[in-house]
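> If you're matching positions, the sequence shown starts at 1 in UniProt numbering and goes up one per residue. Positions of the beta carbon are idealized from the N, C-alpha and C atoms, including for glycine.
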Amino acid sequence: MKSFIIYIMILISTTAVPMMEEALQPPELVLESEYNCPGNILVLSVENPPVNSEITMATDISHGLLSEGLIDGAYYFFIPIDIWEEAGAYSVDVSVDDLNLGRHYDLSSEIMLTDWDFKIQYLYVSDEVYESTNNDDAYREFRERVQTARGNSDKEKYWEGKFILPFDDFTLTTDFGEKRFVNDQLTSTRHSGLDLAAPTGTEIHACNNGRVALAEYVTLTGNTLVIDHGMGLFTSYYHMDTIDVEKGDFLEKGDYVGTVGSTGFSTGPHLHWSISIYNTYVNTHQVLDGELFKSQ
1 MKSFIIYIMI LISTTAVPMM EEALQPPELV LESEYNCPGN ILVLSVENPP VNSEITMATD
61 ISHGLLSEGL IDGAYYFFIP IDIWEEAGAY SVDVSVDDLN LGRHYDLSSE IMLTDWDFKI
121 QYLYVSDEVY ESTNNDDAYR EFRERVQTAR GNSDKEKYWE GKFILPFDDF TLTTDFGEKR
181 FVNDQLTSTR HSGLDLAAPT GTEIHACNNG RVALAEYVTL TGNTLVIDHG MGLFTSYYHM
241 DTIDVEKGDF LEKGDYVGTV GSTGFSTGPH LHWSISIYNT YVNTHQVLDG ELFKSQ
């Protein structure tokens, strides 16, 4: 296992509170996420951050680019745990420096990552579809269009509460994190979301509030929609038949956005739906089964 250390320096300015009240409420590190395993979002908050404080956070959990921000007076970290990370005990250490009062706080927490037994899938596609949509040029285009769209996020938190499924009547054909072998290849990939099989033309709806970051055809993923839910949280919708929203549109949870199809690298009508912190895909069930943090 390869461990990474990340240091984040944050200057926080919040509404001033009386010095006595501030002294009575020292900062506290809170583990917000209930289930922590490879592929999930580890959610931490620093409660009661002092006015004008500098926060340093370090962790030995392997992860992608994280998201962070101030929400309702607490500072949150949304950490996408690497899907290849091993189960076991890890640490998070936070240092808080009160720049007004000259005080220093050391906060720490042990994080237990539980194992996840991912399924295995063997997928077979025609040579014509494979060669025309799953090649170096297609992946280059995907990086330039889709990953670039997910590389920047609005700082404001748009999403509210639990996410909803894009539609209700479907067959789940591939789950998040499944080890997929295509056409008997010796190496596998990890499935980045949920494959929801449904008839062509089935209406698709926005899973939460957000702004359309991308709405166009991409060779690999077909008609592709990306919604920025703010603070680095994105949902992506692949292989659509029609896209009926445009880049820049602001959507509310449940809004109609287009229809199910089989465009791009696809074997039949379905929607590939995924959620990511920037470009690191995370467990889609986590945002469906519960709220990301307790104060939502």
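The alpha helix (DSSP H) with H285 in it runs from where to where?
For this step, residue 285 is matched to residue 285 along the sequence shown. Looking at the DSSP string, the run of the alpha helix (DSSP H) that includes H285 is T284 to D289.
> Identify whether F142 lies in helix, strand or coil by the three-state DSSP scheme.
Sequence index remark: in the sequence shown, residue 142 carries index 142 (1-based). F142: helix per DSSP, three-state reduction.
> Could you name the residues of the same chain whose beta carbon sits closer than 7 Å to that of D228, not counting the 5 residues immediately before and after it, in chain order?
As a position in the sequence shown, residue 228 is number 228, starting the count at 1. For D228, where only same-chain residues beyond five positions count, the Cβ hits under 7 Å are S153, D154, G210, R211, A213 and F234.
> Quick check on the burial criterion: 16 or more other C-beta atoms within 10 angstroms. Buried or exposed for residue 373?
Past the boundaries of the shown model lies residue 373; the chain is included only from 1 to 296, so the question cannot be answered.
> Are at least three pairs of beta-carbons, each pair with one atom in the segment 271–289 and one in the segment 236–254, less than 8 Å apart?
Because the criterion of three Cβ pairs below 8 Å is met, the segment 271–289 and the segment 236–254 touch.
> Look up D136 in the DSSP assignment and say whether it is helix, strand or coil.
Here residue 136 corresponds to residue number 136 of the sequence shown, with the count starting at 1. Helix at D136.
> In the structure shown, what three-state DSSP assignment does A149 receive?
Numbered from 1 along the sequence shown, position 149 holds the residue referred to as residue 149. Three-state DSSP puts A149 in a helix.
> Across which residues does DSSP place W273 in a beta bridge pair?
Indexing the sequence shown from 1 puts residue 273 at position 273. According to DSSP, which records beta bridges pairwise, W273 is partnered with L194 and Y237.
> Does Q104 pass the burial test, meaning 16 or more other C-beta atoms within 10 Å, or should it be called exposed?
As a first step, residue 104 is located in the sequence shown; it is residue number 104 there, counting from the start. Residue 104 is actually His in this sequence, not Gln. The residue is exposed, with fewer than 16 neighbouring Cβ atoms inside 10 Å.
> So, do the segment 194–204 and the segment 29–49 have three or more beta carbon pairs nearer to each other than 8 Å?
Segments in contact, no.
> Please return the same chain residues whose Cβ sits closer than 7 Å to the Cβ of I204, not counting the five positions on each side in sequence.
Counted from its first residue, the sequence shown places residue 204 at position 204. If we look at I204 and ignore the five residues flanking it on each side, its Cβ neighbours are P166, F167, Y237, M240, V257, G258, T259, V260 and L271.
> Provide the residue(s) that pair with Q121 in DSSP beta bridges, ordered along the chain.
Translated into positions along the sequence shown, residue 121 becomes position 121. Paired residues: R180.
> Shortest alpha-carbon distance to N219 belongs to which of D136, D93, I277 and I164?
For the purposes of this step, residue 219 is taken as residue 219 along the sequence shown, with counting starting at 1. Per the sequence shown, residue 219 should be read as Thr rather than Asn. Ranking the options by Cα distance to T219, first place goes to D136.
> Is the distance from the Cβ of S109 to the Cβ of T56 below 8 Å?
Translated into the one-based positions of the sequence shown, residue 109 becomes position 109. Translated into the one-based positions of the sequence shown, residue 56 becomes position 56. Taking 8 Å as the Cβ cut-off, S109 and T56 do not qualify as a contacting pair.
> Ordered along the chain, which non-local residues of its own chain (more than five positions away) have a Cβ less than 6 Å from that of Y122?
The sequence position of residue 122 within the sequence shown is 122, counting from 1. These residues qualify, in order along the chain: F181.
> DSSP state of G230, grouped into three classes?
Position 230 of the sequence shown, counting from 1, holds the residue named residue 230. DSSP places G230 in coil when its eight states are reduced to three.
> Can you tell me the Cα-Cα spacing of E21 and A58, whole angstroms?
Walking along the sequence shown from the start, residue 21 turns up at place 21. Walking along the sequence shown from the start, residue 58 turns up at place 58. Per-residue confidence for E21 stands at a pLDDT of 46, beneath the threshold of 50, marking its modelled position as unreliable; the derived number appears in the next sentence. In a straight line, the C-alpha of E21 is about 28 Å away from that of A58.
> Expressed to the nearest angstrom, what Euclidean distance is found between the alpha-carbon atoms of D175 and V282?
Mapped onto the sequence shown, residue 175 falls at position 175. Mapped onto the sequence shown, residue 282 falls at position 282. D175 and V282: Cα-Cα distance of roughly 12 Å.
> Please report the straight-line C-alpha distance between D289 and E144, rounded to a whole angstrom.
Residue mapping note: residue 289 aligns to position 289 of the sequence shown, counting from 1. Residue mapping note: residue 144 aligns to position 144 of the sequence shown, counting from 1. So the two alpha carbons sit approximately 32 Å from each other.
> In this structure, what does DSSP give as the bridge partners for A58?
Locating residue 58 in the sequence shown gives position 58, where the first residue counts as 1. In DSSP, A58 forms a bridge with D93.
> So, T280 versus G64, is the Cβ gap smaller than 8 Å?
The residue given as residue 280 occupies position 280 in the sequence shown. The residue given as residue 64 occupies position 64 in the sequence shown. Taking 8 Å as the Cβ cut-off, T280 and G64 qualify as a contacting pair.
> Using CA coordinates, which residue listed in T202, S91, H191 and E216 is at the minimum distance from F142?
Taking the sequence shown and counting its residues from 1, one reaches residue 142 at position 142. Ranking the options by Cα distance to F142, first place goes to E216.
> Can you tell me whether E68 is buried or exposed, with buried defined as 16 or more other CB within 10 angstroms of its CB?
Here residue 68 is taken as the residue at index 68 of the sequence shown, counted from 1. Buried is the call here.
> For I243 versus L66, is the C-beta distance shorter than 8 Å?
The sequence position of residue 243 within the sequence shown is 243, counting from 1. The sequence position of residue 66 within the sequence shown is 66, counting from 1. No, Cβ-Cβ distance for I243 and L66 is not below 8 Å.
> Residue range of the beta strand (DSSP E) that H63 falls in?
Along the sequence shown, one-based indexing puts residue 63 at 63. Looking at the DSSP string, H63 is not in any beta strand (DSSP E), and its letter there is neither H nor E.
> Taking L101 as the reference, give the member of Y158, I111, G73 and E54 with the closest Cα.
To locate residue 101, count along the sequence shown from 1; it is residue 101. Comparing Cα-Cα distances from L101 to each of Y158, I111, G73 and E54, the minimum goes to E54.
> Keeping to the same chain, check which residues put their C-beta closer than 8 Å to that of S91; ignore five residues upstream and five downstream.
Taking the first residue of the sequence shown as 1, we reach residue 91 at position 91. Correct list, in chain order: T59, D60, S108, S109, E110 and I111.
> Determine the DSSP secondary structure at P80, reduced to helix, strand or coil.
As a working mapping, residue 80 is identified with position 80 in the sequence shown. The answer is strand: DSSP assigns P80 an E or B state.
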